[in-house]
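Below you'll find the structure, written out as structure tokens, and then a few comments.
Residue numbers (my numbering): -9 to 74.
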């Protein structure tokens, strides 16, 4: 189960994306903006975003820079962690 691969940093990024999303699904933000807001390096955010994409927590819009979509899987995970 990919929940076991989640680090605190991975969740911080996913939780942040959820908070800045439109209707809990669409996110318009660049990786540099995420890094600036959360205090991570751009390369750290890139690694985390790649993990989130590979594990299908987020989707990427290849036509629009800085546009991501949150999957149902990510919404469930955020809600599980927030309810603890």
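Where is the CB? At the ideal position from N, CA and C, for every residue including glycine.
From a predicted model like this one, the values you see are computed outputs, not experimental measurements.
Boundaries (first-last residue) of the alpha helix (DSSP H) holding residue i
i	result
residue 31	First-last for residue 31: undefined, no H or E at that position.
residue 64	62 to 73
Unbroken beta strand (DSSP E) run spanning residue i, endpoints
i	result
residue 3	Where residue 3 is concerned, there is no enclosing beta strand (DSSP E), although the alpha helix (DSSP H) it sits in stretches over -2 to 10.
residue 49	48 to 50
residue 16	16 to 18
With 16 other Cβ atoms within 10 Å as the buried cut-off, status of residue i
i	result
residue 74	exposed
residue 55	exposed
residue 10	exposed
Beta-carbon spacing of residue i, residue j below 8 Å
i	j	result
residue 61	residue 48	yes
residue 21	residue 35	yes
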